[in-house]
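Each residue of the sequence shown is one higher than the last, beginning at 1 in the numbering used here.
Below is one structure, written out as structure tokens; the observations come after it.
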Amino acid sequence: MPASTDAARRGTALVTGASSGIGAASARALAAAGFHVVCAARRLERCEELAAEIGGRAVRLDVTDDASVAALDEALADLPSVELVLHCAGGALGLEPVVEADLDAWRWMYECNVLGVVRVTRALMPRLRAGGAGHVVVMGSIAGSEVYPGGAGYVASKHALRAVAETLRWELHAEGIRVSEVAPGMVETDEFSLVRFGGDAERAAAVYAGTQPIHAEDVAEVVAFVATRPAHVDVDRVVVKPVFQANGHVVHRPGR
């Protein structure tokens, strides 16, 4: 998908986690909507390929590392402002109940899903303010508003992320800076469940067996809608789920 011919019209959007899944799909959608997109992720080569495709630029970023976030800010030194930051970096690990928690897995999810958002937002806030109408969009989850079996660590991190987003909105609304959350349900991507199950492809595939999940491109369309509302409109939170999913643990599987 080529970048919009008037890519400068909406300014610059930085997308974390842009090397795959919802991040990559959202980078494409934002470019098509008129943003100049900075694709940021740990896997720089993938970001470079995507940036070449959409007419953007690529930077390496590990949201869990303070030095990497500082380097991101330095890499954007030529940009006087950033109009949109989309936080897609994140993930889930494990299905253990609370009393059997793998604390290293919980720590990683909190570092990536919560503190990563805080680090990048804090670093880029001067650039968001410089544009006069910045926008922070976080990729939340229905796990941020409900709980479900096997979700303990991930649910805890996404509840925390929702709290961060709502607090940030309260802190910034008087400056005209918008804060939005896009909260997907069951999304089938190449890597999310595969990472959660430690590379077990069979268990990852079973998550979506017999039903019709949504895909990264479906979520990306919602992201583009949220990002392109007029500056006086803030879509605080939007939930997007498959038709066959009632909530985090009730999924109809007509194919079974």
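All residues carry an ideal CB built from backbone N, CA and C; glycine is no exception.
Please classify residue 121: does DSSP put it in a helix, a strand, or coil?
Correct three-state label for residue 121: helix.
Give the single residue among 182, 142, 70 whose Cα lies nearest to the Cα of residue 86.
If we check each option's Cα against that of residue 86, 182 comes out closest.
Between the CA atoms of residue 178 and residue 221 - distance to the nearest angstrom:
Those two C-alpha atoms are separated by around 19 angstroms.
Alpha carbon of residue 147 to alpha carbon of residue 170, nearest angstrom:
Near 25 angstroms, if we compare the C-alpha coordinates of residue 170 and residue 147.
Residue ranges of each alpha helix (DSSP H) run of no fewer than 4 residues wholly in the segment 3-57, ordered along the chain?
You should have 21-32, 44-54.
From 153, 51, 119, pick the residue whose C-alpha is nearest to that of residue 40; which is it?
For residue 40, the nearest C-alpha among the options comes from 51.
Which residue's Cα is closest to the Cα of residue 124: 247, 13, 236?
13 is the residue among 247, 13, 236 whose C-alpha sits nearest the C-alpha of residue 124.
Work out the CA separation of residue 187 and residue 214 for me, nearest whole Å.
One C-alpha to the other measures close to 5 angstroms.
Within its chain, find whatever has a CB closer than 8 angstroms to the CB of residue 118; leave out the 5 residues flanking it on each side and keep chain order.
Leaving aside the five residues that flank residue 118 on each side, the residues in its chain whose CB is nearer than 8 angstroms to its CB run, in chain order, 164.
What does the alpha-carbon distance come out to for the pair residue 226 and residue 245?
Whole-angstrom Cα-Cα distance: 22 angstroms.
Given residue 243, which residues of its chain have a CB within under 8 angstroms of its CB, disregarding the five upstream and five downstream residues?
Around residue 243: 212.
Which of helix, strand or coil DSSP assigns to residue 215
Here residue 215 sits in strand by DSSP.
What's the C-alpha gap between residue 202 and residue 216?
Put simply, the backbone Cα of residue 202 is about 20 angstroms away from that of residue 216.
Check whether the segment 92-103 and the segment 58-70 are in contact - that is, three or more C-beta pairs closer than 8 angstroms.
Using a C-beta cut-off of 8 angstroms, the segment 92-103 makes no contact with the segment 58-70, since fewer than three inter-stretch Cβ pairs fall below that distance.
Pull the bridge partners of residue 159 from the DSSP assignment, please.
According to DSSP, which records beta bridges pairwise, residue 159 is partnered with nothing at all.
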